[in-house]
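Using the working numbering, you'd call the opening residue of the sequence shown number 12 and step up by one each time.
One structure is given here, and the rest of the page talks about it.
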Amino acid sequence: MLFDLDVDTEYDVKVFSNCGVLTDEGSDIFLAFTRQKAAVDVLVEQVFNDKQNCSSPDPDSNQKITCAYRILEIIAPIIQNFPIPVDEATGDLDTDDYEAALQQSREWLEANRADYVVING
Numbered sequence: 012m013l014f015d016l017d018v019d020t021e022y023d024v025k026v027f028s029n030c031g032v033l034t035d036e037g038s039d040i041f042l043a044f045t046r047q048k049a050a051v052d053v054l055v056e057q058v059f060n061d062k063q064n065c066s067s068p069d070p071d072s073n074q075k076i077t078c079a080y081r082i083l084e085i086i087a088p089i090i091q092n093f094p095i096p097v098d099e100a101t102g103d104l105d106t107d108d109y110e111a112a113l114q115q116s117r118e119w120l121e122a123n124r125a126d127y128v129v130i131n132g
């Protein structure tokens, strides 16, 4: 075994938390993959960050966007009762208005930050 998630997750969360804004999708996916609330908390905090550090999903655009949109796509399927569904076929948020979805998600996360449940499995 390369590493034991139960042992290393606390350390990994500290490392990722100290990095500031997460711009590497691999680290976002790793944190979600652990299904540990402390790790998902790091991602939830980044949903409130408006810095435009992530690439646009439009391959023809060099414009940077907030990483919150990509993070929502990662956490929405693993947080119980998350208000914005994800299209299972595409992995995109199931919305026509990403800005409204971000605002709704932020409001829900703010209200449920302490007691949201991570779905394990």
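In this text, a Cβ means the ideal position worked out from N, Cα and C, and glycines have one as well.
Given the structure is predicted, the values throughout are model-derived calculations rather than measurements.
| Asked | Found |
| --- | --- |
| For Ile90 and Tyr127, believed in contact at Cβ under 8 Å, the rounded distance | 5 Å |
| Backbone CA spacing between Asp107 and Ala79 [nearest angstrom] | 16 Å |
| Residue range of the alpha helix (DSSP H) that includes Arg117 | 109–123 |
| 8 Å Cβ cutoff met for Leu104 and Ala122 | no |
| CA-to-CA distance, Cys65 to Asp71, given in whole angstroms | 14 Å |
| Delimiting residues of the alpha helix (DSSP H) encompassing Lys48 | 48–58 |
| Residue burial classification, Thr101 (beta-carbon count within 10 angstroms, cutoff 16) | exposed |
| Gln57 burial status per 10 Å Cβ neighbour count (16 or more: buried) | buried |
| Burial state of Ala50 (16 or more Cβ within 10 Å) | buried |
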